[in-house]
Amino acid sequence: MKNIHMIAHTHWDREWYFTTLDTQVLALKSFKEIFGALEENSKLNYHLDGQSSLMEDYLNLRGKDLNRVKKLIQEKRLFIGPWHTQPDLFNIGCESVFRNLKYGKTYAENMGHSMDVLYLPDTFGASAQLPQITKSFDINNIIIRRGYDDKYMGSVEMNWSALNGDRIKTAAMPFGYSLAHPERGGRHRNFDEQQLYIETFKLLEKIKSISSDENIMGPIGGDQVSIDSDFDKFVEKVNSIGKDNYILSSYEKYMDSINPNNNYEGEFRYPRYSRVHKSITSSRYDIKKINHDVEQFLIREVEPLMAFAKKKGISAPIEMLDKAWKLLLESHAHDSMGGCNSDATNKDVIMRCQQAQQIAHSLFNLIAKTMLHNLEEKDIFILVNGSNEEEITSTGNKIITDKENFKITDFEGKEMKFTINNQEKKQKPRQVLLTPEGEVETGVDEYYYINDIDMTKVEMKPLSYKIFKVSYDCLESDKLSETEIDQIENNLYKIIFEDGKLNLEDKVNNIIIKDFLSFENMSDDGDLYDYSSLRDEKEIIIKDFILKSVKVSNYKKIMNLQAKTRIPVSLKKDRTGRSNETKELIIDFSIVLSDELVRFKVDIDNSILDHRLRVVFNLGINTEFAVADLPFGFIKRENNHSLMNNWEGYTEFPINLEPMQNSVSIYNEDKSFTCFGKGVKEYQLVEDGVAITLFRSVGYIGKNDLHHRPGRASGRVMVAKDGQLQKKLTFEFSIGLNKEIDEKRISQLTERYLNDPLLYQKQELEKEIHRIDNFDIWLEKCEMDTEESLMIFESDLTFSGIDLVEDKVILRLYNPTENQIEISKEIKKRIVNALGKTIKKDKILAYDHINITY
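Going by UniProt numbering, the sequence shown opens with residue 1, and the numbers climb by one from there.
Right under this line is the structure:
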């Protein structure tokens with residue numbers, strides 16, 4: 001006889017094929033029913049999906065219920081938290097997970113109690129580092145549904161270890177979050193006695209067969225369901241007819257009752273019992289790109305400036321930083337960041353990202369403006385180094401000058417390397433002066449210049465700001481000029497255009513790779529959840545390029561190319577092949593050499609339907625393993641051919657499409673290769689190299705009977721034409737070569753690539769560059785140095801983020817290597833958990849992180 005813990009809950013999708021506003025209307029009805037039922041029946045408890053934002057939203061609309069809700073939470077009858085929103089973990093950055101738990105757990109604790117279970121009933125798998133993040137928030141348990149496979153992971157109860165050894169008690173729910181009518185996900189619960197024998201009892205027997213404990217989890221709930229006010233009577237009924245001991249329980253009580261003897265290290269990615277939608281990382285690229293951009297700007301620009309503002313007494317509204325993050329976190333919710341939603345919902349997802357971006361830029365604008373206001377010098381600007389590196393590259397910034405030629409120096413007089421990409425001459429605004437003789441116009445023949453510049457190899461202290469000066473005592477600025485040559489090179493790499501092909505030379509390691517890059521196009525008969533090719537389709541390889549131009553300067557070399565090919569317009573209506581009608585697909589792309597990386601930018605105006613486009617790096621590297629980054633380190637993934645060749649019993653084809661946070665590397669005995677991405681999230685090992693998915697173009701939320709996912713549709717069979725991405729798209733990625741895999745070096749290059757700071761200049765001529773410059777506001781006085789760092793000690797660690805937690809500034813650093821690092825006495829005194837609570841830590845282990853408070 002087993003103890004079956006019967007747990008009442010709802011799984012609350014904030015949005016999906018409906019909008020957040022739809023579910024808020026529903027919440028006002030459902031939550032009122034839940035509170036009333038709990039108050040009338042003291043035997044019941046209820047779980048609101050592990051998300052605090054649901055209650056926060058409800059009380060913002062119906063604040064009169066605050067006290068009754070607090071009472072239920074304090075009594076542990078109503079469970080919320082520790083998430084703010086339940087996130088799609090493989091589609092977002094590490095620091096976003098930290099912000100999510102910070103807001104979610106703090107809110108829940110302020111309401112009376114945060115559930116001590118990191119609850120993931122529907123997220124499409126989880127990173128191997130999730131236990132480490134969980135421990136940092138002093139959370140003791142994890143419950144997760146998708147990605148579990150007993151063949152590779154053992155029993156459903158396990159001690160799940162992160163790569164640094166942090167271990168968290170974990171339980172999988174392989175058959176979903178309802179044992180009442182499970183084939184419908186519990187949405188329409190069926191408590192009929194006959195139904196128990198047909199489904200529930202049989203399902204429990206299967207769970208017992210993959211369990212090693214006397215206690216079994218029995219969740220009863222469903223999507224957007226309200227409470228069953230007589231749930232206690234249902235449990236009594238089941239007890240009277242079942243052969244096990246059925247307990248009215250909670251997730252916390254269940255986790256307290258189990259004692260796992262199964263140890264597991266790794267990620268939850270197997271589509272054995274539940275679909276994990278391995279290719280959702282390439283759905284709705286436009287959503288993932290704007291999210292990436294906003295995440296990076298908040299982490300590397302805004303939050304470091306907020307820390308300086310706090311230090312200097314500048315009033316920067318922390319409430320708006322919180323609002324920006326919460327807008328972003330709403331768009332990180334399960335389904336939302338995956339992009340598998342209705343068109344209306346995905347418009348909301350993008351709009352929230354855009355709003356978060358506007359707030360972030362306004363905060364940056366306000367603080368930077370205040371800081372420069374406290375320096376008397378004119379013609380100055382500020383850069384923020386949001387990394388632990390001592391050298392940065394800043395691209396595509398606008399700077400206003402009085403003259404065509406100028407130079408940039410720091411306050412020590414050291415001249416900076418920069419290139420003018422483009423320059424526009426404009427007439428200064430005419431001013432009207434009122435005189436006794438009438439109006440007199442001034443500035444009639446005065447001009448200024450708007451310059452688009454790249455700054456390369458700028459020396460800055462780690463985690464610092466630095467002020468620079470513009471002056472005009474120079475002969476000529478470094479400008480791009482077009483040449484007739486067909487190659488570009490710097491001291492590290494040479495790119496050669498030869499007979500329509502591209503060759504790459506690594507000059508340091510004496511490696512030459514011919515025809516190293518191509519594009520690959522295939523049909524996509526999938527949906528917003530999964531890629532699915534047509535059967536027996538042969539890919540279209542695009543590797544004959546047109547050289548449009550080569551431009552060079554002292555510090556930058558750029559090769560502009562184009563590829564053209566005709567592509568079938570769409571699929572045939574019967575989905576048996578691609579259409580006979582074709583359109584020309586034009587791919588414009590540039591390759592830039594200016595630092596340690598080979599940088600790519602790809603522009604496409606997509607007018608093709610139902611297809612996938614990838615960039616393929618043909619490297620002469622045949623390997624069964626790739627090394628991808630993930631929070632605080634790297635994971636080595638096998639190509640898994642054996643699993644793909646025999647996937648009977650799986651819920652979807654276990655395709656070897658895999659996620660990367662920001663980079664993926666492959667290697668052999670001769671060389672290693674790394675690709676770094678900005679918003680591209682998916683790779684696949686292919687013959688001789690690796691393919692990076694740029695985007696997929698599909699027109700349905702879900703479709704039935706896919707080649708890669710037989711059977712029912714995921715989600716709803718519902719048209720979502722915006723998923724076809726019929727618009728202009730821009731992609732950014734870079735590559736680097738080495739003799740061998742060097743994790744520290746890869747993490748350094750990732751930092752340098754992602755850390756591309758925005759310039760803020762003290763100027764009055766182009767106020768549209770930064771919107772708050774249009775307002776005449778009082779700016780506070782503060783002490784200003786021309787350079788200042790938040791890094792108060794030397795560190796060989798990698799920057800993760802700066803978090804403002806109540807009255808504390810928390811600096812998060814990590815060790816991206818497999819070697820442990822000793823912690824100095826000075827740092828030991830400052831080590832805290834993610835919420836600022838002092839903890840003891842003597843060493844930073846492999847793939848480990850620390851939080852340090854100021």
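Glycine included, every Cβ here is placed at the ideal spot set by N, Cα and C.
Under the DSSP definition of a beta bridge, Cys675 partners with Val664 and Ile735. For Gln562, the enclosing beta strand (DSSP E) stretches over residues Lys557 to Pro568. In the three-state reduction of the DSSP assignment, Asn346 falls in the helix class, which pools H, G and I. Relative to Ile299, the option among Cys94, Asn374 and Gln74 whose CA is nearest is Cys94. Nearest C-alpha to Lys237 among Phe18, Asp603 and Phe191: Phe191. Around the beta-carbon of Gln74, fewer than 16 other beta-carbon atoms lie within 10 Å, marking it exposed. Taking every protein chain shown into account, the CB of Tyr854 has fewer than 16 other CB atoms within 10 angstroms, so this residue is exposed. The C-beta of Leu21 has fewer than 16 other C-beta atoms within 10 Å across all chains shown, which makes the residue exposed.
Glu303 and Ala309 have their alpha carbons spaced roughly 10 Å apart.
Under DSSP, Pro121 shares a beta bridge with no residue. Where Val238 is concerned, the enclosing alpha helix (DSSP H) starts and stops at Phe231 to Ile241. For the region 308-361, the full-length alpha helix (DSSP H) segments reaching 4 residues or more read 318-332 along the chain.
By the neighbour-count criterion, in which 16 or more other beta carbons inside 10 Å mark a residue as buried, Met351 falls on the exposed side. In this structure, Phe589 is the residue among Ser553, Met320, Phe589 and Asp473 with its C-alpha nearest to the C-alpha of Ala563. Cβ contact annotation for Pro87 (same chain, cutoff 8 Å, sequence separation greater than five): Ser96, Val97, Asn100, Thr123, Leu329, His332, Ala333, His334 and Met337, in chain order.
Three or more beta-carbon pairs drawn from the region 727-739 and the region 671-688 are found closer than 8 Å, and the two stretches are therefore classed as touching. Asn509 and Glu376 have their C-alpha atoms some 49 Å from each other. The alpha helix (DSSP H) runs of length 4 or more contained entirely in the region 7-65 are, from start to end of the chain, 20-40 and 53-61. Of the other Cβ atoms in all chains shown, 16 or more fall within 10 Å of the Cβ of Gln132; this residue is therefore buried. At the C-beta level, Met455 and Phe418 come within 7 Å of one another. For Asn100, the uninterrupted alpha helix (DSSP H) run begins and ends at Cys94 to Met111, by DSSP.
The beta carbon of Leu571 lies closer than 8 Å to those of Ser523, Asp525, Leu534, Gly577, Arg578, Ser579, Leu609 and Asp610 in the same chain, with the five residues before and after it left out.
Under the three-state reduction of DSSP, Gly526 is assigned to coil, being neither helix nor strand.
With respect to Thr370, Ile280 sits apart: the two C-beta atoms are not nearer than 7 Å. Looking at the backbone, the Cα of Val552 and that of Val602 are separated by about 19 Å. Just measuring C-alpha positions, the residue of Val349, Ile359, Glu441 and Asn639 sitting nearest Leu321 is Ile359. In the DSSP annotation of this structure, the continuous segment of the alpha helix (DSSP H) that includes Asn645 starts and ends at His641 to Asn645. One thing to note: Met217 has its Cβ within 7 Å of the Cβ of Ala171. Contact between the region 103-111 and the region 242-249 is absent: fewer than 3 CB-CB pairs across the two stretches fall below 8 Å.
Between the alpha carbons of Gln51 and Lys2 lies a distance of about 30 Å. The beta carbons of Phe468 and Phe381 sit closer together than 7 Å. DSSP links Asn263 through a beta bridge to Asn159. Runs of the beta strand (DSSP E) lying entirely within the region 589-636 and spanning at least 3 residues, in chain order: 598-605, 611-618 and 625-630. The beta carbons of Ile621 and Ile655 sit no closer together than 7 Å.
One thing to note: Tyr17 has its Cβ within 7 Å of the Cβ of Met718. Its chain contains Asn606 and Ser607 as the residues whose beta carbon lies nearer than 7 Å to that of Gln726, once the 5 sequence neighbours on both sides are disregarded; these appear in chain order.
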